[in-house]
């Protein structure tokens, strides 16, 4: 499982496969100690149903394989509709929340919401959190991260797991916008029904949250 | 043999390959990955309609409609272009698919593939280089790997941050490298 210990960027695919013709996009490596701690609860003997709100990435799918009984990759932030202040019900956003519905009506025990808070308004984040609570088990964990300094890509990208406590944030060479710098208390409010139990400020100005439902 | 639904088989105006009679069928090939009969839709064939059948299928041409071979393997070859919802026992994509893909056992997106749609299967393999835009639902899968040996704690205790008491290490999660 040498791929589990990859730590250096840029990434090279495991298994000797030919890399894609495109160049590796810029990337930032993040330690994620709270994520590592949360993942300790799960393994092949104690599997979990996992909801990943990010895009489908090969390394992540491979990583999830060993401790899950079900996985939903929602890619929630793709085609995110713009906020229309004239439509307070935000029906266009509510409609994309269908992407987190499990197909077999079972609930999730672990939710990875890595960069969603950075790209959602407070109202949308709260709406999402309540929707997540409706499809999660009592005691389910949520892990989220926000950039508190610097810039973030104008369009959301994906975090790739290198190992349980280490992530790479890959983003194509695209315009950057100022990081939202959501105060921890605000972020905790946006996570709503999930009670934040750990909040750690990491290098690169990223703040990591772990919350639990119930 | 694969067969098309009524629209294609009974509608003489249904689009087919230029100059072709009955559309799309070629001789079965023994080269299916499963070792069973496999039909091929050749690269010059265009089909608009519903494709069903009772053997494995390799698609090198173009299909617009639906492909439903629940009990059999479906492979979209490197030159295959499918604008359809796909159902198969095992679905492998090397070409392009615009539509939802459902595999009863497995869906594999090869490095050369481009898929725009949602995937539902107990197991999904996404190779580096595959272009995929959509959601994935892997329900009812069994976790890979052998049983772990380390004792486990509740999610709640982990969330509370007492991870340093755990004897579990990364190596206690076997079978991770699956693709």
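Residue numbers (the numbering used here), protein chains in the order written: chain A, 15 to 228; chain B, 11 to 189. Cβ coordinates follow ideal geometry from the N, Cα and C atoms, glycine included.
Examine chain A for any beta-carbon lying closer than 8 Å to the beta-carbon of residue 146 of chain B, and answer yes or no.
Chain A contact via Cβ: present.
Could you tell me whether any Cβ in chain A is nearer than 8 Å to the Cβ of residue 123 of chain B?
No, residue 123 of chain B does not count as interfacial toward chain A.
Closer than 7 Å, Cβ to Cβ, to anything on chain B: give me those residues from the segment 60–81 of chain A, in chain order.
Residues passing the 7 Å Cβ filter: 60, 61, 70, 72, 75, 76, 77, 79, 80, 81.
Taking the straight line between their C-alpha atoms, what separation do you get for residue 62 of chain A and residue 42 of chain A?
Straight-line Cα distance between these residues: approximately 28 Å.
Output needed in chain order: residues of the segment 84–103 of chain A with a Cβ under 7 Å from some Cβ in chain B.
Cβ contacts with chain B: 84, 85, 86, 87, 88, 89, 92.
In chain order, what residues of the same chain have a beta carbon less than 7 Å from the beta carbon of residue 74 of chain A, not counting five sequence neighbours either side?
Excluding sequence neighbours, residue 74 of chain A sits near 66, 174, 175.
Contact between the segment 107–115 of chain B and the segment 49–63 of chain A is defined here as three or more beta-carbon pairs at a separation below 8 Å; is this criterion met?
Per the Cβ contact rule, the segment 107–115 of chain B is not in contact with the segment 49–63 of chain A (fewer than 3 Cβ pairs under 8 Å).
Tell me which residues of the segment 112–131 of chain A have at least one Cβ-Cβ distance to chain B shorter than 8 Å, keeping chain order.
Flagged, chain order: 113, 116, 117, 118, 120, 123, 124.
Identity of the residue in B/129, B/146, B/87, B/104 nearest residue 97 of chain B by Cα:
When only C-alpha atoms are compared, the closest one is B/129.
Among B/146, B/54, B/55, B/84, which residue has its Cα nearest to the Cα of residue 62 of chain B?
The shortest C-alpha separation from residue 62 of chain B is found at B/84.
Residue 58 of chain B, enclosing beta strand (DSSP E) - first and last residue
Counting along the chain, residue 58 of chain B sits inside the beta strand (DSSP E) bounded by residues 56–63.
How about residue 137 of chain B and residue 124 of chain B: do their beta carbons lie closer than 8 Å?
No, the Cβ-Cβ distance between residue 137 of chain B and residue 124 of chain B is not below 8 Å.
What residues match up with residue 113 of chain B in a beta bridge as DSSP calls it?
Residue pairing of residue 113 of chain B in beta bridges, as defined by DSSP: B/98.
Bridge partner(s) assigned by DSSP for residue 77 of chain A:
According to DSSP, which records beta bridges pairwise, residue 77 of chain A is partnered with nothing at all.
For residue 112 of chain A, is the classification buried or exposed, using 16 other Cβ atoms within 10 angstroms of its Cβ as the cut-off for buried?
With fewer than 16 other Cβ atoms within 10 Å, it is exposed.
Under the three-state DSSP convention, the category residue 56 of chain A falls into
Here residue 56 of chain A sits in coil by DSSP.
Cα-Cα separation between residue 77 of chain A and residue 52 of chain A, rounded to whole angstroms:
The straight-line gap from Cα to Cα measures roughly 15 Å.
Reducing DSSP to helix, strand and coil, say where residue 131 of chain A ends up.
Correct three-state label for residue 131 of chain A: helix.
Distance CB(residue 156 of chain A)-CB(residue 68 of chain A) smaller than 8 Å:
Contact flag unset, no.
Kindly indicate which residue of A/227, A/93, A/201, A/169 has the alpha-carbon position closest to the one of residue 187 of chain A.
From the listed residues A/227, A/93, A/201, A/169, the smallest Cα separation to residue 187 of chain A is found for A/169.
Going by beta carbon distance, what residues of the same chain come within less than 6 Å of residue 202 of chain A, once the five residues before and after it are set aside?
For residue 202 of chain A, where only same-chain residues beyond five positions count, the Cβ hits under 6 Å are 210.
Coarse secondary structure for residue 170 of chain A, derived from DSSP in three states
In the three-state DSSP reduction, residue 170 of chain A falls in the coil class, being neither helix nor strand.
In terms of alpha-carbon separation, which member of A/154, A/191, A/171 lies closest to residue 162 of chain A?
In this structure, A/191 is the residue among A/154, A/191, A/171 with its C-alpha nearest to the C-alpha of residue 162 of chain A.
Which of helix, strand or coil does DSSP assign to residue 100 of chain A?
If DSSP states are grouped into helix, strand and coil, residue 100 of chain A belongs with coil.
Please classify residue 84 of chain A: does DSSP put it in a helix, a strand, or coil?
Look at residue 84 of chain A here: in three-state DSSP terms it is strand.
Which class does residue 149 of chain A belong to by DSSP, given the choice of helix, strand or coil?
Here residue 149 of chain A sits in coil by DSSP.
How would you call residue 105 of chain A, buried or exposed, if buried means at least 16 neighbouring beta carbons within 10 angstroms?
By the neighbour-count definition (other C-beta atoms within 10 Å, threshold 16), residue 105 of chain A is an exposed residue.
If we ignore side chains and look at the alpha-carbon of each, how far apart do residue 107 of chain A and residue 93 of chain A end up?
If you take the alpha carbons of residue 107 of chain A and residue 93 of chain A, they lie about 10 Å apart.
Coarse secondary structure for residue 161 of chain A, derived from DSSP in three states:
Reduced to three states, the DSSP call for residue 161 of chain A is strand.
List the residues of chain A that residue 136 of chain B touches, going by C-beta distances under 7 Å, in chain order.
Those within 7 Å of residue 136 of chain B in chain A are 70, 72, 75.
Where the alpha helix (DSSP H) through residue 106 of chain A begins and ends:
Segment 105–110, the alpha helix (DSSP H) holding residue 106 of chain A.
Just reading off the alpha helix (DSSP H) that residue 200 of chain A is part of, what are its end residues?
Residues 198–204.
Secondary structure at residue 225 of chain A, three-state DSSP: helix, strand or coil?
Reduced to three states, the DSSP call for residue 225 of chain A is strand.
Tell me whether residue 80 of chain B is buried or exposed, calling it buried when 16 or more other Cβ atoms sit within 10 Å of its Cβ.
It is exposed - the Cβ of residue 80 of chain B has fewer than 16 other Cβ atoms within 10 Å.
By the three-class DSSP mapping on this structure, what secondary structure does residue 119 of chain A have?
In the structure shown, residue 119 of chain A falls within a coil segment according to DSSP collapsed to helix, strand and coil.
Bridge partners of residue 83 of chain B, per DSSP?
Listed as beta-bridge partners of residue 83 of chain B by DSSP are B/100.
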